[in-house]
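Residue numbers (this note's numbering), protein chains in the order written: chain X, 1 to 433; chain B, 434 to 871. Report on the following structure.
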């Protein structure tokens with residue numbers, strides 16, 4: 001017989017750890033620069049995001065890969081430190097300080113992420129600031145190493161059919177630099193030299209529109225680090241760009257490519273609202289509906305290769321793009337595409353029934369909670385919201401906003417965003433179909 | 434159950450009994466329950482909330498040999514049984530896996546040689562429901578043919594995924610190190626073996642393994658003490674946790690040969706038991722210092738060789754094991770380099786280099802504990818292996834584990850290497866299986 005245990009409330013000396021209050025975002029005094037912190041003292045490490053407006057939208061077609069090459073060159077800039085008296089690359093010096101640093105290239109920004117124990121962040125931040133103040137080493141050897149590192153990242157993306165498809169539907173959706181591959185391509189990278197990197201850095205790595213956001217075990221160490229990193233950037237603002245996308249009324253593109261992949265993938269790109277926009281919560285409900293369309297009931301949450309469908313939502317760019325993928329190894333690609341098309345049309349034609357709406361609002365809230373667990377995701381959500389003019393704690397309110405989504409909201413958003421879409425078909429090499 | 438674990442929980446239980454009798458009135462503030470304890474139904478628990486997290490994690494750990502308690506061993510039986518429970522339709526009408534999917538959460542099943550874990554990551558407002566459902570479904574397990582069929586597919590997919598990585602070689606090393614027991618039998622199942630397991634065997638395993646008294650409930654993330662009141666229990670379930678299954682060290686002879694989807698070489702050493710905490714911490718440090726990607730001493734020594742080397746110390750009750758895998762086109766050429774670097778680690782390194790390696794080790798270990806599910810894994814693992822107070826997540830950077838890490842010295846680390854890694858390792862050579870991957 002199963003029964004619930006009775007109330008278990010007992011007074012003891014060995015009390016459970018005092019639970020932290022839900023975290024709020026606070027403003028960090030960084031001398032006028034934009035800096036924020038969201039404390040979670042139960043986490044033993046801290047993460048610090050530095051967002052600079054030096055993303056793909058700053059590249060011309062001939063400069064594809066330059067945003068990534070500049071970021072990579074920064075991490076490979078030689079520097080001496082107490083732990084490493086002989087000059088080593090910045091990333092290695094940070095590592096020796098008991099921390100780590102990486103970066104992501106986006107449509108409208110590059111986001112550096114420094115993580116470590118508070119002591120590690122305190123040791124590493126001056127190293128990073130020192131390189132930011134001088135700019136990236138643009139000598140031939142450093143750039144060759146940076147190009148090699150980018151070539152590895154490019155190859156890594158090429159191995160993943162979902163990312164290949166996403167790159168294709170991105171290129172169909174965005175105009176200008178935002179349509180270009182984030183890491184460029186190996187041939188284009190060789191054409192970029194020291195002067196290009198130096199000029200790109202000087203033009204776009206500016207304090208006035210940079211944002212620092214610290215998460216986790218924040219405190220004096222991360223506050224100081226935020227000030228150091230922002231303070232190392234050159235003063236000034238750059239003119240903001242406006243991302244241009246294909247006209248909403250334009251017919252979707254159909255693109256086919258072949259790669260060394262095990263199964264065909266169908267990837268669909270939809271226009272979508274960005275984080276902070278009114279339509280965003282309803283779009284997450286639609287994402288839950290569409291990305292679970294073909295999932296079979298299993299015994300545990302399926303690992304990625306065994307999922308039938310999924311979504312990659314680039315909500316940190318505005319306008320954003322929602323990418324759905326169908327694993328042709330699990331679902332017949334033609335049927336999968338027809339199924340998504342049918343659901344998109346149905347959702348655009350009439351309101352969802354109450355039961356379906358409740359079901360997918362619940363799923364959407366859970367999915368959102370799970371994708372904001374990682375420290376870097378939390379830091380990025382703060383920086384991304386501020387970059388688009390929204391409050392820094394915008395992401396924290398999304399769960400409650402999903403709960404308020406109505407059938408009319410979903411219908412409105414479906415009508416606006418689901419009617420046309422681009423399709424990329426990623427086929428295994430040698431497949432003649 | 435180790436003496437330490439028994440005495441700790443016995444002490445906590447005693448404290449509960451004593452304090453339960455303390456007079457209290459309506460004016461008395463309701464206190465928090467202890468962070469670690471045993472519920473009236475016999476379920477041990479660890480409650481480590483972090484209310485700043487957006488999710489709650491609810492995990493059940495069981496001490497249970499992966500290949501079964503009795504009868505012919507079937508690698509992966511524990512995972513199959515757990516998956517059959519999550520996929521079968523309970524009396525409440527909806528399978529646990531379906532519920533979690535509807536919540537937008539994540540359900541993970543993990544099988545280790547001597548334990549199994551089922552972990553739910555759910556939005557915080559589903560925490561109580563998750564606790565109630567998970568404990569009800571596992572403490573009175575319903576297993577049906579439909580659930581078994583789904584579980585067999587799920588287990589086969591999990592095994593296939595693992596078979597394409599170093600896990601496959603590490604699993605095979607168990608048979609090279611031990612003549613019998615859970616580590617010898619391993620966890621990596623063949624699809625054929627999984628397909629032949631009967632519902633009766635799965636049911637018998639689930640009934641024995643997934644009892645309240647054999648469970649450790651771990652709660653992390655945004656979950657309050659009230660969740661403990663939602664734990665289901667079961668009248669009439671057998672009391673007492675399972676005792677660790679015995680295993681016998683294998684006399685090292687010729688290298689074992691195996692075939693699979695991931696060719697390479699495995700080297701394995703028996704290490705200290707979990708209760709030898711300073712030495713176990715030292716070997717964790719060594720694994721990081723030697724094998725960390727990019728900065729590890731072995732990684733740097735490889736130079737231009739096309740080889741990937743992994744190394745880890747796994748803190749089992751007794752003994753722990755140190756596992757190294759070498760894969761890639763130049764694996765054979767890399768092996769002597771790897772063995773030389775390991776042998777060299779028996780000599781103390783300089784103080785400055787040691788401090789750098791310690792800073793890296795501390796950060797990387799802490800970084801693996803930031804997500805509530807990661808923290809739950811360490812609490813569950815160290816509790817099931819008999820030393821919960823030694824869990825790296827316990828107390829964070831100021832806890833027992835990292836205090837021990839702070840006290841490591843170049844000499845103590847070198848001594849641990851000399852004691853455990855200077856002897857010839859057990860060796861497995863995994864060759865590529867011909868034909869279709871399975």
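Built from N, CA and C at the ideal position, the CB exists for glycine as well.
Hey, would you say residue i sits closer than 8 Å to residue j, going by beta carbons?
i, j, result
"residue 632 of chain B", "residue 570 of chain B", "no"
"residue 565 of chain B", "residue 663 of chain B", "yes"
"residue 837 of chain B", "residue 714 of chain B", "yes"
"residue 816 of chain B", "residue 563 of chain B", "no"
"residue 375 of chain X", "residue 43 of chain X", "yes"
"residue 688 of chain B", "residue 865 of chain B", "no"
"residue 58 of chain X", "residue 137 of chain X", "no"
"residue 149 of chain X", "residue 228 of chain X", "no"
"residue 805 of chain B", "residue 558 of chain B", "no"
"residue 509 of chain B", "residue 621 of chain B", "yes"
"residue 610 of chain B", "residue 703 of chain B", "yes"
"residue 426 of chain X", "residue 267 of chain X", "yes"
"residue 51 of chain X", "residue 177 of chain X", "no"
"residue 213 of chain X", "residue 379 of chain X", "yes"
Under the three-state reduction of DSSP, which class applies to residue i: helix, strand or coil?
i, result
"residue 404 of chain X", "coil"
"residue 749 of chain B", "coil"
"residue 580 of chain B", "helix"
"residue 312 of chain X", "strand"
"residue 734 of chain B", "helix"
"residue 488 of chain B", "strand"
"residue 542 of chain B", "strand"
"residue 388 of chain X", "coil"
"residue 478 of chain B", "strand"
"residue 840 of chain B", "helix"
"residue 690 of chain B", "strand"
"residue 739 of chain B", "coil"
"residue 253 of chain X", "coil"
"residue 350 of chain X", "coil"
"residue 815 of chain B", "helix"
"residue 517 of chain B", "helix"
Hey, does residue i have any beta-carbon neighbour from chain X nearer than 8 Å?
i, result
"residue 759 of chain B", "no"
"residue 793 of chain B", "yes"
"residue 604 of chain B", "no"
"residue 789 of chain B", "yes"
"residue 866 of chain B", "no"
"residue 696 of chain B", "no"
"residue 590 of chain B", "yes"
"residue 829 of chain B", "yes"
"residue 520 of chain B", "yes"
"residue 796 of chain B", "yes"
If we define contact as Cβ-Cβ less than 8 Å, is residue i a contact residue for chain B?
i, result
"residue 186 of chain X", "no"
"residue 40 of chain X", "yes"
"residue 419 of chain X", "no"
"residue 375 of chain X", "yes"
"residue 291 of chain X", "no"
"residue 190 of chain X", "no"
"residue 369 of chain X", "yes"
"residue 309 of chain X", "no"
"residue 86 of chain X", "no"
For residue i, which residues in the same chain have their Cβ closer than 7 Å to its Cβ, ignoring the five residues on either side in sequence?
i, result
"residue 171 of chain X", "179"
"residue 613 of chain B", "680, 681"
"residue 722 of chain B", "729, 730, 790, 794"
"residue 674 of chain B", "434, 496, 646, 647"
"residue 78 of chain X", "87, 88, 89, 137"
Only counting the same chain, and skipping five residues up and downstream in sequence, which positions put a Cβ closer than 6 Å to that of residue i?
i, result
"residue 337 of chain X", "266"
"residue 112 of chain X", "50, 103"
Against chain D, with Cβ distances strictly below 8 Å, would residue i count as a contact?
i, result
"residue 802 of chain B", "The chain inventory of the structure shown lacks chain D, comprising the protein chains X and B."
Selection of the segment 110-124 of chain X by Cβ proximity to chain B, strictly under 7 Å: Here the close residues are 115, 116, 117, 120.
Name the residues in the segment 42-54 of chain X whose C-beta lies less than 8 Å from a C-beta of chain B; which are they? Those would be 42, 43, 44, 45, in chain order.
With 8 Å as the limit, tell me which residues of the segment 530-558 of chain B have their beta carbon closer than that to any beta carbon of chain X; keep them in chain order. Within the segment 530-558 of chain B, the residues whose Cβ lies closer than 8 Å to some Cβ of chain X are 530, 531, 533, 534, 535, 536, 537, 538, 539, 540, 541, 542, 554, 555, 556, 557, listed in chain order.
Beta carbons nearer than 9 Å to chain X: which residues of the segment 473-487 of chain B have them? Cβ contacts with chain X come from 473, 474, 476, 480, 481, 482, 483, 484, 485, 486, 487.
If contact means a Cβ-Cβ distance below 8 Å, which residues of the segment 625-652 of chain B contact chain X? From the segment 625-652 of chain B, no residue has a Cβ closer than 8 Å to chain X.
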